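J.:
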Amino acid sequence: MKVKRNDTCHCGSDKKFKDCHGKKNVINPWKKYGMFTIVFVILAWFLNDLFFQDRKTMSSAPPGKVWSEEHGHYHDINTNQTSFPPVNS
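As structure tokens, then:
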């Protein structure tokens, strides 16, 4: 026989089933805190990347590279360029 919502609970607590073991959609508070923490970390990571990305790329070029504002990426520094003597006319 199925226990109805307003019957006494089967555990012997003298409470109605709906107030004892019959509660639905009860979310564990630790689950809430965990989800909040995950959302906070992702949001903080996104905002950090959004606001501090320009400072990172401008100040920390890899060795042998130079940042190109026009193209938005690094270019190699040409150290093997031959210099031509000035032409006298």
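Straight run, no breaks: the sequence shown in the numbering used here ends on number 540.
For every residue, glycine included, the Cβ atom is placed at its ideal position computed from N, Cα and C.
Computed from a predicted model, the values in this text were never measured in an experiment.
Of the choices Met-452, Gly-523 and Arg-456, whose alpha-carbon is the least far from that of Gly-473?
T.: In the sequence shown, residue 473 corresponds to position 22, counting from 1. Closest by alpha carbon: Arg-456.
J.: To the nearest angstrom, how far is it from the Cα of Gly-515 to the Cα of Leu-494?
T.: By 1-based counting over the sequence shown, the position of residue 515 is 64. By 1-based counting over the sequence shown, the position of residue 494 is 43. Each residue's alpha carbon lies about 34 Å from the other.
J.: Tell whether a beta-carbon distance below 8 Å holds between Lys-453 and Cys-460.
T.: As a position in the sequence shown, residue 453 is number 2, starting the count at 1. As a position in the sequence shown, residue 460 is number 9, starting the count at 1. Not in contact: Lys-453 and Cys-460 (Cβ atoms no closer than 8 Å).
J.: How is Asp-527 classed by DSSP in three states: helix, strand or coil?
T.: Residue 527 sits at position 76 when you count from the first residue of the sequence shown. Here Asp-527 sits in strand by DSSP.
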